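Quick note: the first sequence uses the numbering used here, first residue 2, plus one each step. Glycine is no exception: its CB is placed at the ideal position from the N, C-alpha and C atoms. Predicted model only: the values in this text are computed from it and were never measured. This report concerns only the one structure given below.
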Amino acid sequence: MEKKTAHTHFSNQQLAETFRLIADLLEIKGEVIYKVLAYRKAADSLEHMGQSAEELWQENRLGEIPGVGKAISEKMDELFSTGQLQFLEKLKAEVPVGLAELLQVPDVGPKKAKMFWKELGVTNVAELETAARAGKLRDLPGMGEKSEARILAGLEALSRRTTRTPLGVAWPFANEIARWLGSLPGVVAANPAGSLRRMRETVGDLDISAATEDPAPVMDAFIHHPRVIEVFAVGDVKSSVEFDNHLRAQLWLHRPEQYGTALLYATGSKDHNVRLREIAQTMKLSLSDRSFLQPDGSEKFYATEEEVYAVLGLPWIPPELREDRGEIQAAKAGRLPHLIEVKDIVAELHSHSTWSDGQASILEMAQAAQQRGLKAIAITDHSHSLGVTGGMTAEDIRARMAEVREAQAKMGDSFTILQGAEVEIRNDGRLDYPDEVLAELDVVIASLHTGLRQPKEQVTARLIKAIQNPHVDIIGHPTGRLIPDREGADLDMNPVLQAAKESGVALEINANPSRLDLDDIQSRRAIEMGIPLSINTDAHSPDNLDFLMYGVATARRGWVEPQHVINAWPVEKLVQWLKR
DNA sequence: GCCGTTTTCGGCCCGACTGTTTTCAGTCG
2 MEKKTAHTHF
12 SNQQLAETFR
22 LIADLLEIKG
32 EVIYKVLAYR
42 KAADSLEHMG
52 QSAEELWQEN
62 RLGEIPGVGK
72 AISEKMDELF
82 STGQLQFLEK
92 LKAEVPVGLA
102 ELLQVPDVGP
112 KKAKMFWKEL
122 GVTNVAELET
132 AARAGKLRDL
142 PGMGEKSEAR
152 ILAGLEALSR
162 RTTRTPLGVA
172 WPFANEIARW
182 LGSLPGVVAA
192 NPAGSLRRMR
202 ETVGDLDISA
212 ATEDPAPVMD
222 AFIHHPRVIE
232 VFAVGDVKSS
242 VEFDNHLRAQ
252 LWLHRPEQYG
262 TALLYATGSK
272 DHNVRLREIA
282 QTMKLSLSDR
292 SFLQPDGSEK
302 FYATEEEVYA
312 VLGLPWIPPE
322 LREDRGEIQA
332 AKAGRLPHLI
342 EVKDIVAELH
352 SHSTWSDGQA
362 SILEMAQAAQ
372 QRGLKAIAIT
382 DHSHSLGVTG
392 GMTAEDIRAR
402 MAEVREAQAK
412 MGDSFTILQG
422 AEVEIRNDGR
432 LDYPDEVLAE
442 LDVVIASLHT
452 GLRQPKEQVT
462 ARLIKAIQNP
472 HVDIIGHPTG
482 RLIPDREGAD
492 LDMNPVLQAA
502 KESGVALEIN
512 ANPSRLDLDD
522 IQSRRAIEMG
532 IPLSINTDAH
542 SPDNLDFLMY
552 GVATARRGWV
562 EPQHVINAWP
572 VEKLVQWLKR
């Protein structure tokens, strides 16, 4: 059959946004909630699947997407074929589209949005603010002065809130709070939960769970933590605050004997939990955050997640896998991956010294790596065309070799320093050094730093040309994205992955929490294709080496095992691979 | 609107918190 050609291209992200908008407008209109949830579920699937919906559409395979049935398939078909969606246009004529953004305001949901629209003619956030300031909200049914003030505060928070918080900011802070909670009298356990525990690259609010027999003093201590600047809600089991760094956090308290179900519930993801509850239902059990409800109405409590999974006939599933991306089926079949861990990494293959924009000498970087238990480090300073970094010329590389040898002598035989460079991929896809210079290096990383906004065909061809250079070992931060500010290059990933597979080049998972590039989904596709990965910190100073945990976390979310990662191999095997 | 080795029709998670209420509605996770 002939392949279909799209009238208009839509990325999965764009499709997801379209269906989320439909869901919001339908909900405000008052459509049955399950129809609304169905659109949101389809949007989630589109966002989280590794494949492009447009490709599936071309092959008439849209129905394979979980949560996409006849109606939503037809809507995507119309979008690809015509660039339009009549259903949405009619919906917009019924419900002002600006009302959807009202749902972003804390304490404003579909019911209130509809009421503000019908009673006051409010159709967007700006009009809501005007109405609230004029004191018009307080007289509406179910509203009062307090509700009006909360919405005003919510509007202010909304204008202040930028984006989701990068993991690299949220993780250290949440753990500091959790450790502090754990040190309070009577607290048996305290953990970050939610997307933070699943190590998603960005997180919204922080979810923290703790176990104690005596919740009142713990809750009281929490809301009076010296860094808390606002308390939004406080109850016996749950409270919600904002810290002075503008991170918001919820604390859930549970009795220690219920902590297993509680932590599982709070960790999510929502979809993972839904699957677990479905399994429970087949066993005539009802799983909640507090217990398993038995058919006779009694409850059984479990203190650990391991016990909860065991009741369901499953092994414990690492939080990074809990995204409903096949982990439950794998657990059932006894085929969970043996996920890579930080301790599996033996070598850092992407680091910088004072020979380019790094802050430390080669020896200092090597010593810092050794202190962290590594057996080898590649010093991969920038090449000269990346002017801002003070990159090396070919002559600099030869001069640097002497310093590497000196540092190697001081480090002794138990630690290896590799000669490397992070070579710029120029605008035409050629590398910054001639082949004979590249041949002298142990490790060649090729990276894009400029021209990331080139058209898809051009930037993809450029990267593939670099992949095909026989001296290149690793592609550094392949897409060039920066979290949360900059989208990566508009790469066509299929041919890029295919080229990496054919050339046997490793793709990097850059562990810098502002990069995490490749991401979890792309990493999983790469290992499924048999492409080797390399997890590196891109350290510009000794303490940057501690970014490793974020790269490993991203790899774990991508189901990566140690054998997939070249710098988790024994050093001898790694060195041999580099010489291939 | 989606989905099905319990169903092609009838489910789809539900409890905590707040505010405005005299027993509940809306929001949130």
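Assuming contact is defined by CB atoms lying nearer than 8 angstroms, are residue i and residue j in contact in what I supplied?
| i | j | result |
| --- | --- | --- |
| residue 363 | residue 419 | no |
| residue 446 | residue 351 | yes |
| residue 533 | residue 567 | yes |
| residue 92 | residue 118 | no |
| residue 268 | residue 180 | no |
| residue 47 | residue 13 | yes |
| residue 168 | residue 214 | no |
| residue 204 | residue 171 | yes |
| residue 128 | residue 138 | no |
| residue 1 | residue 175 | With the chain covering only 2 through 581, there is no way to say anything about residue 1. |
| residue 562 | residue 319 | no |
| residue 558 | residue 518 | no |
| residue 295 | residue 286 | yes |
| residue 381 | residue 421 | yes |
| residue 416 | residue 371 | yes |
| residue 207 | residue 216 | no |
When burial is assigned at 16 or more other CB atoms within 10 Å of the CB, is residue i buried or exposed?
| i | result |
| --- | --- |
| residue 38 | exposed |
| residue 443 | buried |
| residue 108 | exposed |
| residue 261 | buried |
| residue 220 | buried |
| residue 403 | exposed |
| residue 1 | Nothing in the structure corresponds to residue 1, since the chain is present only between 2 and 581. |
| residue 438 | buried |
| residue 330 | exposed |
| residue 282 | exposed |
| residue 223 | buried |
| residue 523 | buried |
| residue 433 | buried |
Per DSSP, residue i is paired with what?
| i | result |
| --- | --- |
| residue 193 | 209 |
| residue 377 | 348, 417 |
| residue 243 | 231, 249 |
| residue 518 | 511 |
| residue 540 | 352 |
Assuming residue i and residue j are in contact, meaning their beta carbons sit under 8 angstroms apart, how far apart are those beta carbons, in whole angstroms?
| i | j | result |
| --- | --- | --- |
| residue 97 | residue 124 | 4 angstroms |
| residue 23 | residue 35 | Contact flag wrong, Cβ pair sits at about 14 angstroms. |
| residue 483 | residue 516 | 7 angstroms |
| residue 270 | residue 325 | 6 angstroms |
| residue 254 | residue 211 | 6 angstroms |
| residue 244 | residue 229 | 6 angstroms |
| residue 537 | residue 556 | Not a contact, Cβ separation roughly 11 angstroms. |
| residue 81 | residue 58 | 5 angstroms |
| residue 147 | residue 29 | 24 angstroms between Cβ atoms; not a contact. |
Between the Cα of residue i and the Cα atoms of the options, which residue gives the shortest distance?
| i | options | result |
| --- | --- | --- |
| residue 359 | 398, 540, 126 | 540 |
| residue 256 | 544, 83, 383, 302 | 302 |
| residue 178 | 167, 129, 249 | 249 |
| residue 346 | 553, 224, 189, 259 | 553 |
| residue 84 | 19, 374, 381, 172 | 19 |
| residue 509 | 522, 477, 531, 490 | 477 |
| residue 461 | 392, 492, 12 | 492 |
| residue 525 | 196, 189, 321 | 321 |
| residue 428 | 434, 422, 408, 451 | 451 |
| residue 56 | 68, 6, 32 | 6 |
| residue 502 | 211, 224, 529, 245 | 529 |
| residue 383 | 367, 406, 356 | 356 |
| residue 588 | 374, 494, 440, 139 | As displayed, the chain neither begins before 2 nor continues past 581, which places residue 588 out of reach and without an answer. |
| residue 50 | 312, 339, 327 | 327 |
| residue 153 | 192, 105, 414 | 105 |
| residue 156 | 103, 121, 188, 82 | 103 |
| residue 31 | 275, 111, 210 | 111 |
| residue 304 | 314, 292, 313, 244 | 292 |
| residue 69 | 488, 44, 273, 564 | 44 |
| residue 504 | 469, 231, 274 | 469 |
| residue 42 | 372, 435, 272, 11 | 272 |
| residue 309 | 296, 290, 297, 298 | 290 |
| residue 531 | 549, 546, 27, 498 | 498 |
| residue 573 | 239, 200, 348, 240 | 348 |
| residue 237 | 21, 251, 86 | 251 |
| residue 342 | 277, 9, 569 | 569 |
Quick one: does the C-beta of residue i sit closer than 7 angstroms to a heavy atom of the ligand PLP?
| i | result |
| --- | --- |
| residue 148 | Among the ligands in the structure shown, none appear at all, so the ligand PLP cannot be discussed. |
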